[in-house]
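See structure below.
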Amino acid sequence: MKKILLVDDNEQDRAMYRRFLGRHLGFESISFEEATTSEEARTQFLAYRPDCVLLDYNLPDADGLDILADLKALTPPESLCVVMVTGGGSEELAVRALNGGALDYLVKRQFDQELLAKTVLHAIEKNEWRQYVARYHEELHAVNQQLRDSLDALTETRHEITLKNAQLTAANTDLARANLDLDNFVYAASHDLKQPVDNLRGLFEELRGAATFRDAEAATVLRLVDSSLQELSKTIHDLSAVVQAERLTGGQPAEKVVLADLANEVLTLLQPQVTAAQGVVRTDFDALPSLQFERSSLRTILLNLLSNALKYRHPERPAQVEVRTGYEAGQPVLDVRDNGLGIDMERHGAELFQLFRRFHPQASAGTGVGLFLVNRLVQAQGGHIEVASTLGEGTRFRLYLGPAAG
């Protein structure tokens with residue numbers, strides 16, 4: 310329902326406006342409020358908030374232009390709908406009314422009910438459209454402001470990211486340089502120490518063979534010295550092998566490796582350990598007979614895994630080792646499982662591939678280098694290792710030898 314405020318001091322004119330508009334627009338669709346003075350017009354306007362004001366130019370206490378100015382002060386300009394009506398119209402007055410905020414202008418006794426209804430209805434529609442446009446512009450302004458704020462925030466974030474990237478690049482460069490310096494140091498140290506330690510072992514053997522010791526505990530001391538020299542020599546050799554593998558990783562071209570041939574080569578080398586462990590090593594390469602990989606790296610991986618499986622066998626049963634290959638989600642997989650001592654994964658899982666970590670030092674001598682080396686060689690080819698182990702039952706290594714298929 311549309312609300313119309315009739316501001317006119319002539320009762321007959323107000324009755325005519327109600328009759329004309331009611332007949333043409335429908336009495337059920339409009340309601341009226343009336344005012345006869347400028348003060349009543351202001352009061353009714355604030356209380357009624359009409360959709361349109363039919364304003365007579367000539368009132369006892371003010372002219373219509375003054376009232377129009379007052380109404381403009383009481384509401385946003387784009388929401389004010391006023392049709393000015395005068396008894397003796399002139400072009401100058403019409404222009405002043407329109408410039409003052411009226412949406413249209415009528416002259417008394419020069420319009421019929423149809424023209425009045427069309428003028429009022431057109432003014433209401435124009436005002437509603439104007440309000441819609443104003444709301445749209447306001448929303449558009451808010452969206453634009455949000456976009457500007459977002460753009461400012463994005464620009465600031467991009468600046469921060471650029472700064473962080475520069476810092477990370479510098480840090481990575483420093484880290485790479487430090488790693489290279491450390492690798493060079495470890496390589497040089499292990500390389501330079503190998504010969505003196507080997508010489509020391511040779512001299513010790515000469516001393517033990519040529520010297521005569523009368524002390525009853527001499528044999529125990531000699532055995533401890535020999536054991537220490539062996540441990541030192543093995544640690545230096547293993548450390549040198551790790552650094553050498555790090556230097557060669559990625560430097561050798563991948564080639565087609567026939568897995569059965571490689572396994573036979575490794576098992577021939579490990580035959581004494583297999584015999585000592587009363588072990589059986591079963592292989593199954595039917596699902597994946599060959600693989601594109603760095604041959605030396607794959608040989609080192611298989612050698613260390615099989616050596617560990619035999620070295621850390623359970624003392625109450627012969628060693629049983631299974632080696633299989635296949636595909637999983639497009640990735641080549643090397644699966645090695647044993648029935649050995651197993652590993653307490655809850656306790657040691659996080660440090661499984663760390664350097665110099667040993668989990669069964671009582672079972673066999675070692676330096677804790679093998680699994681570290683295996684993991685680095687697999688990661689260098691974009692792969693990863695999954696381990697499942699139960700203490701006292703055995704361990705299973707699943708090596709994903711390459712990046713996942715995209």
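First residue of the sequence shown: 310, per the numbering used here; consecutive thereafter.
Idealized CB from N, CA, C, for every residue including glycine.
Item                                                                                                                                                          : Value
What residue range does the alpha helix (DSSP H) around residue 636 cover?                                                                                    : Not the alpha helix (DSSP H): residue 636 falls in the beta strand (DSSP E), residues 629-637.
Can you give me the start and stop residues for the beta strand (DSSP E) that residue 347 sits inside?                                                        : Per DSSP, residue 347 belongs to no beta strand (DSSP E); it is in the alpha helix (DSSP H), 347-357.
Helix, strand or coil: how does DSSP classify residue 322 here?                                                                                               : helix
Hey, out of 422, 629, 336 and 614, whose CA is closest to residue 682's CA?                                                                                   : 614
In whole angstroms, what is the alpha-carbon distance linking residue 395 and residue 457?                                                                    : 49 Å
Considering only the alpha carbon of each residue, which of 632, 358, 478 and 422 lies closest to residue 704?                                                : 632
Do residue 568 and residue 600 have their C-beta atoms closer together than 8 Å?                                                                              : yes
Can you give, in chain order, each stretch of the beta strand (DSSP E) that sits fully within the region 557-624 and has at least 3 residues?                 : 564-567, 589-593 and 599-602
Can you check DSSP and say which residues form a bridge with residue 640?                                                                                     : 637
Terminal residues of the continuous alpha helix (DSSP H) containing residue 407?                                                                              : 400-408
Going by the DSSP bridge assignment, what does residue 664 pair with across the sheet?                                                                        : Answer is none; residue 664 lacks a bridge partner.
Exposed or buried, residue 451, counting other C-beta atoms within 10 Å across all chains shown (16 or more means buried)?                                    : exposed
What residue range does the alpha helix (DSSP H) around residue 685 cover?                                                                                    : 679-689
Pull up the distance between the alpha-carbon of residue 711 and that of residue 622, whole angstroms please.                                                 : 29 Å
Do residue 404 and residue 364 have their C-beta atoms closer together than 8 Å?                                                                              : no
Quick check on residue 470: does DSSP put it in helix, strand or coil?                                                                                        : helix
Could you name the residues that DSSP lists as bridge partners for residue 414?                                                                               : 393
Is DSSP giving residue 376 helix, strand or coil here?                                                                                                        : helix
What are the residues that DSSP puts in a beta bridge with residue 343?                                                                                       : 315
Confirm, please, whether the CB-CB distance from residue 389 to residue 402 is below 8 Å.                                                                     : no
Could you name the residues that DSSP lists as bridge partners for residue 329?                                                                               : In DSSP, residue 329 forms no bridge with anything.
Decide if residue 408 is buried, meaning its Cβ has at least 16 other Cβ atoms within 10 Å, or exposed.                                                       : exposed
Can you tell me whether residue 433 is buried or exposed? The criterion is at least 16 other CB atoms within 10 Å of its CB, across all chains shown.         : buried
With 16 other CB atoms within 10 Å as the buried threshold, where does residue 344 fall?                                                                      : buried
Can you round the beta-carbon distance between residue 366 and residue 393 to whole angstroms, since I take them to be within the 8 Å contact cut?            : 6 Å
Going straight from the alpha carbon of residue 431 to that of residue 352, what length do you get?                                                           : 25 Å
How is the alpha helix (DSSP H) around residue 707 delimited, first residue to last?                                                                          : Counting along the chain, residue 707 falls outside any alpha helix (DSSP H), though it belongs to the beta strand (DSSP E) covering 703-709.
Can you name, in chain order, every residue of its own chain whose Cβ lies under 8 Å from the Cβ of residue 424, other than the five neighbours on each side? : 415
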